[in-house]
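Novice: Numbered by this note's numbering, the letters in the sequence shown go through residues 27 to 168 in order.
Take a look at this one; I'll ask things after.
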Amino acid sequence: MKTRLTSGLIIMLFVLSSTVIAGGEGELQKYFNKTATEVKAAEDASAKRGILNESFTNMLKVLNKIQNSGMLSEEESTGVGNFKTTIQEKQDELNGKNGFERVPNSQLNNFADYAVQDIEQASLTISLVALVLIAILLVLIL
């Protein structure tokens, strides 16, 4: 009887953890895809640039809250820090800061797509705990 109960719990944990991971990844994808869609729908370059800046700034705020929460291990905090660096670099590139050349107005739609893909790839290195916390804060804040 104990063996069946233990086996059932283990299987349930695997099923639930994959759902949580998919949910966290899904929220990040939705957030960044929504940003890219809004950028493409905007008519002028200053609006496009503003949408991207706001998106990057909001994500950096979320990541700062998570990193400073004390809920992450040192390794998880490092992963979140690396993810923050990726987002900060995209924002710097958008605005032409810290050695980056400013993205031309005519390339903002392409940059939005590029940033989404690059950030989604970078998010794969974040731990499950951090990913879930990011997803929760995104839903609550935005």
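Each residue gets a CB set at the ideal place from its N, CA and C atoms; glycine is no exception.
Quick one: residues in its chain with C-beta nearer than 7 Å to the C-beta of Met85, no 5 flanking neighbours on either side, listed in chain order?
Specialist: Along the sequence shown, read from residue 1 onward, the residue named residue 85 stands at position 59. If we look at Met85 and ignore the five residues flanking it on each side, its Cβ neighbours are Ile113.
Novice: Quick check on Lys56: buried or exposed, where buried means 16 or more other Cβ atoms within 10 Å of its Cβ?
Specialist: Translated into positions along the sequence shown, residue 56 becomes position 30. Lys56 comes out exposed.
Novice: Where Ala161 and Asn136 are concerned, what is the direct C-alpha to C-alpha distance, given to the nearest angstrom?
Specialist: On the sequence shown, residue 161 is found 135 positions in, with the first residue counted as 1. On the sequence shown, residue 136 is found 110 positions in, with the first residue counted as 1. Cα to Cα, Ala161 sits roughly 25 Å from Asn136.
Novice: If you draw a straight line from the C-alpha of Asp144 to the C-alpha of Glu80, how long is it?
Specialist: Counting from 1 along the sequence shown, the entry for residue 144 is found at position 118. Counting from 1 along the sequence shown, the entry for residue 80 is found at position 54. Glu80 has its alpha-carbon roughly 18 Å from the corresponding atom of Asp144.
Novice: Distance check for Gly107 and Ile92, CA to CA, integer angstroms please.
Specialist: Locating residue 92 in the sequence shown gives position 66, where the first residue counts as 1. Locating residue 107 in the sequence shown gives position 81, where the first residue counts as 1. About 10 Å.
Novice: Can you tell me which of the three DSSP states Phe137 falls into?
Specialist: Sequence index remark: in the sequence shown, residue 137 carries index 111 (1-based). Correct three-state label for Phe137: helix.
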